[in-house]
Each structure stands twice: as C-alpha cells, then as structure tokens.
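First comes the structure, then the notes that go with it.
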Amino acid sequence: MPRTARVAPSEHVYHVLTRGNNRQDVFEDKEDFRKYL
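Here's what the structure looks like:
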C-alpha cells in the first residue's frame, strides 16, 4: 500500500545535498552548478 504524500509548506526552508558516487564531484565547474540551480 503506498504511503500518503508529504505536505511541504512553501514557507519552510530545506537544505538539499547533492553528492556523487564515492563522494565524487557532481559538477565539473561553477558553470555546471549554475545551470543545475
């Protein structure tokens, strides 16, 4: 049975972390990171 969807109010602040396999860099340079955002 699927679980109920989470309620995510827009006024909350979240910290999101992106990490590659074995803690490798995900982005080659700052331009890659900017495009991601």
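Counting from 12, one number per residue, gives the positions in the sequence shown under my numbering.
Glycine is no exception: its CB is placed at the ideal position from the N, C-alpha and C atoms.
Whether residue i touches residue j by CB criterion (8 angstroms)
i   : j   : result
V37 : R30 : yes
Closest by C-alpha distance to residue i, when choosing among the options
i   : options          : result
L48 : L28, R34 and N33 : L28
Limits of the unbroken alpha helix (DSSP H) element including residue i
i   : result
R45 : K41 to Y47
Neighbourhood of residue i by C-beta, 6 angstroms cutoff - its chain only, sequence neighbours within 5 removed
i   : result
T15 : none
Chain-order list of residues whose beta-carbon lies under 7 angstroms from that of residue i (same chain, five-residue window excluded)
i   : result
F44 : F38
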